[in-house]
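Residue numbers (my numbering): -11 to 354. For every residue, glycine included, the Cβ atom is placed at its ideal position computed from N, Cα and C.
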Amino acid sequence: MDLDEVYMERVLELAKKGWGTTNPNPLVAAIIVKDGKIISEGFHQRAGWPHAEVVAINNACQSVKGAAMYVNLEPCSHYGRTPPCVNSIVEAGIKKVVIGMQDPNPKISGRGIQMLKEAGIEVKTDVLLKEACKLNEIFVKYITQKKPFVIVKWAMTLDGKIASYTGDSKWISSEEAREYVHKIRKRCAAVLVGINTVIKDNPYLNVRLKDEEHVEKIKIIIDSKGRIPESSNVICSCDKCKVIYATTSMISKEKEEFLIQRGANVLKIEDKTGKVDLNRLMDILYEMGIDSVLIEGGSEINWCAFESGIVDKVLVFISPKILGGKEAVTAVGGAGKSLIKESFKLKEISYANFAEDILIEGYLRK
């Protein structure tokens, strides 16, 4: 690796400190290097707060005039909730800016770079481009396709079961794997489950990480017929976080009124089959400013997500256990595909270990 890549690696690692708090903004960090030494660092902490470039400039304990700045995303060139970062960079006297990736927004991509060049600043782009794009894959889809980035996650035994024939599923995966899942929950704006998961497990769907306070995420419930128990933990948490309840015209008036009174955002959106229209739901979530969804449901909601084409990424934890049973629950239910060649296929596969479990991560071929 050359020196620019070494510094950019530090930037990418620093940007992760904004994990779960910047949505729908990207993860961004900046460092300032002068005379071969890092003299300041900064990262974007929360949507609406100062951007990484400005934080790094303000954090400097000496003059940044003549220094180089490293940032993983092209500095902004437009007025939003904060002024353009390009202006601050020019005013600070930075002489060189090294950038990981251009802004994915086609309306403004390259404008920040051009403004820097016009100000006489040396610009180098696409340093660790692949890594920079992966770090902000959620932001890239949200900005370019105007839809949330959707991750489907499940844990299963070696023979493909997510629950026994009695419905028991705790715990298939290791404690280390479950800790990682909560980190992914923290990264995503919302967690989605189907009604069967709510009835069977009565989950809280919050983020529980060691040495951190519990964090409430936006909770999305798919329930075509309005079967949700009124005492469900997700409904009881309406006073702490946003709960989006996606249903159809089959819900009773009484249940709908109860949910609204509790504070849930009830959406009646059905497709031609009478089920919740997941594609329409994604459009609504985008309009709400929700940039990412983690699906942690059962086999039926998993099938519906794949079949509707909303899935971007898959996380599968495989535990070295064999459960057996014809009636045991498989990871993806539904009608299924009739031919192997019709299978949903993954690309860009990667692997990781969590205790005895193996994580397979991949992206849907589209």
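Rounded C-alpha distance that separates residue 245 from residue 226: 14 Å
Span of the beta strand (DSSP E), counted from its first residue to its last, around residue 142: 137 to 145
For a quick check, are the C-beta atoms of residue 36 and residue 63 less than 8 Å apart? no
Would you check if the region 18 to 26 and the region -8 to 5 touch, i.e. whether three or more CB-CB distances between them fall below 8 Å? yes
For the beta strand (DSSP E) that contains residue 25, what are its first and last residues? It spans 25 to 31 - the beta strand (DSSP E) in which residue 25 sits, taken as one unbroken run.
Please report the straight-line C-alpha distance between residue 242 and residue 216, rounded to a whole angstrom. 12 Å
Buried or exposed: residue 14, going by 16 or more other Cβ atoms within 10 Å of its Cβ? buried
Local conformation of residue 178 per DSSP, three classes: Residue state, collapsed to three classes: strand.
Taking the straight line between their C-alpha atoms, what separation do you get for residue 79 and residue 23? Those two C-alpha atoms are separated by around 20 Å.
Output the distance between the C-alpha atoms of residue 117 and residue 89, rounded to the nearest integer angstrom. 6 Å
Going by DSSP, name the residue or residues bridged to residue 345. 342
Can you name the start and end residues of the alpha helix (DSSP H) that residue 246 belongs to? 241 to 250
Excluding the 5 residues flanking residue 183 on each side, which residues of the same chain have their C-beta closer than 7 Å to its C-beta? 209, 210, 211, 215, 216
Report the three-state DSSP secondary structure of residue 132 (helix, strand or coil). helix
By the three-class DSSP mapping on this structure, what secondary structure does residue 332 have? coil
On the DSSP bridge list, what partners appear for residue 84? Residue 84 is bridged to 56, 110.
Three-state secondary structure assigned by DSSP to residue 44: Residue 44 falls in the helix class under three-state DSSP.
For residue 150, which of 309, 328, 344, 71 has the nearest alpha-carbon? 309
DSSP puts residue 385 in a beta bridge; with which residues? Since the first residue shown for the chain is -11 and the last is 354, residue 385 is missing from the structure and cannot be characterised.
If I follow the unbroken alpha helix (DSSP H) through residue -1, where does it start and stop? The continuous alpha helix (DSSP H) containing residue -1 extends over residues -9 to 3.
Give me the Cα-Cα distance between residue 105 and residue 86, rounded to the nearest whole angstrom. 12 Å
Who are residue 323's beta bridge partners in DSSP? Note: residue 323 sits in no beta bridge, so no partner.
Selection from 350, 352, 351, 346 that minimises the alpha carbon distance to residue 163: From the listed residues 350, 352, 351, 346, the smallest Cα separation to residue 163 is found for 346.
Are the beta-carbon atoms of residue 54 and residue 83 separated by less than 8 Å? yes
Mind checking whether residue 339 and residue 328 have CB atoms under 8 Å apart? In this structure, residue 328 does not lie closer than 8 Å to residue 339 by Cβ.
Boundaries of the beta strand (DSSP E) in which residue 153 is found, first to last residue: Note, residue 153: premise wrong, no beta strand (DSSP E); not H, not E.
Closest residue to residue 56 among 172, 139, 27, -3 (Cα-Cα distance): Among 172, 139, 27, -3, the Cα nearest to that of residue 56 belongs to 27.
Taking the alpha helix (DSSP H) that residue 269 falls in, what are its first and last residues? 266 to 275
Give the straight-line distance between the Cα atoms of residue 33 and residue 7, rounded to the nearest whole angstrom. 9 Å
Local conformation of residue 351 per DSSP, three classes: strand
Counting Cβ pairs, one atom from each stretch, are 3 or more of them under 8 Å apart for the region 289 to 301 and the region 250 to 258? Segments in contact, no.
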